[in-house]
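Enquirer: Below you will find the structure I want to go over with you.
2 protein chains.
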Amino acid sequence: MDNLNIGRHISGQFNEDLERVINHVMQMGGLVEKQLSDALTSVYESDEELAKRVHANDYQVNKLEVSIDDECTRIIAKRQPAAGDLRLIMAIVKTIADLERIGDEAEKIAEVTLQSLGKDHKDLLQNLDNLGRRVLETLQTTLDAFTRMDVNAAIKIHRTDAKIDREYEALMRQLMTYMMEEPRSIPQIMTVIWSARALERIGDRCQNICEYIIYFVKGKVVRHTSPEDIKKLKDSTE
Amino acid sequence: MDNLNIGRHISGQFNEDLERVINHVMQMGGLVEKQLSDALTSVYESDEELAKRVHANDYQVNKLEVSIDDECTRIIAKRQPAAGDLRLIMAIVKTIADLERIGDEAEKIAEVTLQSLGKDHKDLLQNLDNLGRRVLETLQTTLDAFTRMDVNAAIKIHRTDAKIDREYEALMRQLMTYMMEEPRSIPQIMTVIWSARALERIGDRCQNICEYIIYFVKGKVVRHTSPEDIKKLKDSTE
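Here the protein sequences line up with chains D and S, keeping their order. Going by UniProt numbering, the residue at position 55 of the first sequence is 55; the numbering climbs one at a time, nothing skipped. Going by UniProt numbering, the residue at position 227 of the second sequence is 227; the numbering climbs one at a time, nothing skipped.
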């Protein structure tokens, strides 16, 4: 946690508050990561039990979001943080909102398993899985960057989202061709389309989290900033 | 602004801060409402110029989000609000995030105009427009409830989202049938599907904003709460 400097606070109680809330965010991140990984495995291996488990476990993600959000508001009210500390709390509040939505998307992905596609579409599932594994990796590196508040890692991840988008577009074209060739399987293909879309959105949400990291460390809002300008930020830190 | 009680603050400066930020949120809400309305009109009337304007105006929504967000952080740091005041600021921070995403969805809807569907699909566009007008109305009543921090209105709007979902599902079934009957028009129909999906998500985001209103007024997080439990909240205020 190089950039967190938790130890520098005069109030030991405040340090404890911060450490506790960051641990909870990590716990939530780990859970969301597992949900996404399980959702992908359930689709690829047609494991209905696992898909149902993903569905059933979503309430845990929701519960963590509500409790961390509450924790953050209480820290602001009690400790009246300013500058960097306040930015950290605001970054956490926004990050958990995105993590919660990533959990929702994982649930949608698991739906593909429950609406079984059959063997005919193994290649589609393979391509969906490829996209999924790339997104999962992005989520993992994002959570890792968050834990260390590593702004350079955040900027790097932010740039890789374009790759996810390209892979998503390619899959989407393939899915459309399939639907045109086999109109009867349109309802099934649509489920794959929703999953692919969910993955693309998870990529976007990882980008959001990277933006919060940059906001915390640099004190600069980079949402709606061009990738080129974000890159300049990185260069200025090296 | 029955529930805002801005006048009760001892610090006149704090009142001014709060009033100013709330005015900015209303301004942002008005802009987002106009973007959605213009997007729907552009689709229904195949008005490409209007669609391009929706696209071009999105930066204004983004700019407002960044500046209001910054304003909120500065108010927290300077005025150290507690209890209700802090809840209000947190509700605003979350609301503007949802408003900004509604702006993004409006932009996606305007895309349908730019990928012209032609006269053959007038009935589909009519149904999309019906769904759109219902969602626009929901956005308007949501912004109105936010302005007055009217918890009962928020609870009522929260319940109507199920209607939007039903209308969306019906449209989606119709679109799938179309694709199966006319595989050649799949790419065009897909654009309508993305728009319908965008509308459904705007409905969800209005629900989120209603939840922030309830959170501010009742001090209770109602995300992930069943509609029945939310209704009980309303009954207890009457």
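Using N, Cα and C, we set each Cβ at its ideal position, and we do this for glycine too.
What is the residue span of the alpha helix (DSSP H) that T225 (chain S) lies within?
Expert: Unbroken run through T225 (chain S): none, as it is neither H nor E.
Enquirer: At which residues does the alpha helix (DSSP H) containing E182 (chain D) begin and terminate?
Expert: Counting along the chain, E182 (chain D) falls outside any alpha helix (DSSP H), and DSSP gives it neither H nor E.
Enquirer: My output table needs one value for P187 (chain D): the three-state DSSP class, helix, strand or coil.
Expert: P187 (chain D) falls in the helix class under three-state DSSP.
Enquirer: Report yes or no: is there a C-beta of chain S within less than 8 Å of the C-beta of V32 (chain D)?
Expert: Judged by the 8 Å Cβ criterion, V32 (chain D) is not in contact with chain S.
Enquirer: Identify the continuous alpha helix (DSSP H) that holds G219 (chain S) and give its terminal residues.
Expert: Note, G219 (chain S): premise wrong, no alpha helix (DSSP H); not H, not E.
Enquirer: Which chain S residues are close to T73 (chain D), counting only those with a beta carbon under 9 Å from its beta carbon?
Expert: In chain order: L86, R87, M90.
Enquirer: Does A56 (chain S) have its Cβ less than 8 Å from a Cβ in chain D?
Expert: No, because no Cβ of chain D sits closer than 8 Å to the Cβ of A56 (chain S).
Enquirer: Using the rule of at least 16 other Cβ atoms within 10 Å of the residue's Cβ for burial, across every protein chain shown, is Y212 (chain S) buried or exposed?
Expert: Buried, because 16 or more other Cβ atoms sit within 10 Å of the Cβ of Y212 (chain S).
Enquirer: Taking all protein chains shown into account, do 16 or more other C-beta atoms lie within 10 angstroms of the C-beta of R74 (chain D), making it buried, or fewer, making it exposed?
Expert: Per the 10 Å Cβ criterion, exposed.
Enquirer: Could you tell me the alpha carbon to alpha carbon distance between N15 (chain S) and L143 (chain S), rounded to whole angstroms?
Expert: N15 (chain S) and L143 (chain S): Cα-Cα distance of roughly 21 Å.
Enquirer: Check for me: the alpha helix (DSSP H) holding H55 (chain S) runs from which residue to which?
Expert: Per DSSP, H55 (chain S) belongs to the alpha helix (DSSP H) from 48 to 79.
Enquirer: Is it right to say Y59 (chain S) is buried, meaning 16 or more other beta carbons lie within 10 angstroms of its own, or is it exposed?
Expert: Y59 (chain S) should be labelled exposed.
Enquirer: What did DSSP end up calling E45 (chain D) once you bin it into helix, strand or coil?
Expert: Note: E45 (chain D) maps to coil in three-state DSSP.
Enquirer: From the beta carbon of N15 (chain D), is the nearest beta carbon of chain S less than 8 Å away?
Expert: Not closer than 8 Å to any Cβ of chain S, the Cβ of N15 (chain D) fails to qualify, so no.
Enquirer: If the cut is a Cβ gap below 8 Å, which residues of chain D does Q174 (chain S) touch?
Expert: Ordered by position in chain D, no residue passes the 8 Å Cβ test against Q174 (chain S), which lies about 13 Å from the chain.
Enquirer: Evaluate K78 (chain D) with the Cβ neighbour count: other Cβ atoms within 10 Å of its Cβ, from every protein chain shown; 16 or more gives buried, anything less gives exposed.
Expert: K78 (chain D) should be labelled exposed.
Enquirer: So what does DSSP say about M149 (chain S), is it helix, strand or coil?
Expert: In the structure shown, M149 (chain S) sits in coil (DSSP, three-state: anything other than H, G, I, E or B).
Enquirer: Which term fits G12 (chain D), buried or exposed, when burial requires 16 or more other beta carbons within 10 angstroms of its beta carbon?
Expert: Flag for G12 (chain D) reads exposed.
Enquirer: Using only the alpha-carbon positions, how far apart do A110 (chain D) and M172 (chain D) sit?
Expert: Taking the straight line from one Cα to the other gives about 18 Å.
Enquirer: To the nearest angstrom, report how far apart M1 (chain D) and L131 (chain D) are at their CA atoms.
Expert: Model confidence at M1 (chain D) stands at a pLDDT of 47, short of 50, so the residue's coordinates are unreliable and nothing is read from them.
Enquirer: In angstroms, rounded to a whole number, what distance separates the CA positions of K163 (chain S) and K232 (chain D)?
Expert: Spanning the two alpha carbons is a distance of roughly 47 Å.
Enquirer: Please look up how many angstroms separate the CB atoms of M149 (chain D) and V217 (chain D), rounded, as I've assumed it's under 8 Å.
Expert: Indeed they touch by this definition, with Cβ atoms about 6 Å apart.
Enquirer: Hey, would you say Q115 (chain D) sits closer than 8 Å to T225 (chain D), going by beta carbons?
Expert: Not in contact: Q115 (chain D) and T225 (chain D) (Cβ atoms no closer than 8 Å).
Enquirer: Comparing the C-beta of A39 (chain D) with each C-beta of chain S, is any distance below 8 Å?
Expert: Output row for A39 (chain D): interface = no.
Enquirer: Would Q140 (chain D) and E33 (chain D) be called neighbours here (beta carbons separated by less than 8 Å)?
Expert: Cβ distance < 8 Å, so Q140 (chain D) and E33 (chain D) count as in contact.
Enquirer: Identify, in the order they occur along the chain, each residue of the same chain with its Cβ nearer than 7 Å to the Cβ of E17 (chain S), setting aside the five sequence neighbours on each side.
Expert: Looking at the sequence itself, residue 17 (chain S) is Asp, so the reference to Glu does not match. These residues qualify, in order along the chain: I75, R79.
Enquirer: Of the choices S:L40, S:Y44, S:Q27, S:E228, whose alpha-carbon is the least far from that of K63 (chain S)?
Expert: Selected option, being the one with the closest Cα: S:Q27.
Enquirer: In angstroms with no decimal places, state the Cα-to-Cα distance between R101 (chain S) and R201 (chain S).
Expert: R101 (chain S) and R201 (chain S): Cα-Cα distance of roughly 9 Å.
Enquirer: Where E228 (chain D) and D204 (chain D) are concerned, what is the direct C-alpha to C-alpha distance, given to the nearest angstrom?
Expert: The straight-line gap from Cα to Cα measures roughly 18 Å.
Enquirer: Does the beta-carbon of D123 (chain D) have 16 or more other beta-carbons within 10 angstroms, so that it is buried, or is it exposed?
Expert: D123 (chain D) is exposed by the Cβ-count criterion.
Enquirer: Run the CB neighbour count on E107 (chain D), radius 10 Å, all protein chains shown included, and call it buried at 16 or more, exposed below.
Expert: By the 10 Å Cβ count, E107 (chain D) comes out buried.
Enquirer: So the candidates are D:H24, D:I89, D:A196, D:H55; which of them puts its Cα closest to the Cα of L136 (chain D)?
Expert: Of the candidates D:H24, D:I89, D:A196, D:H55, the one whose C-alpha sits nearest the C-alpha of L136 (chain D) is D:A196.
Enquirer: Since A83 (chain D) is in the alpha helix (DSSP H), which residue starts that stretch and which ends it?
Expert: Counting along the chain, the alpha helix (DSSP H) containing A83 (chain D) begins and ends at 83 to 114.
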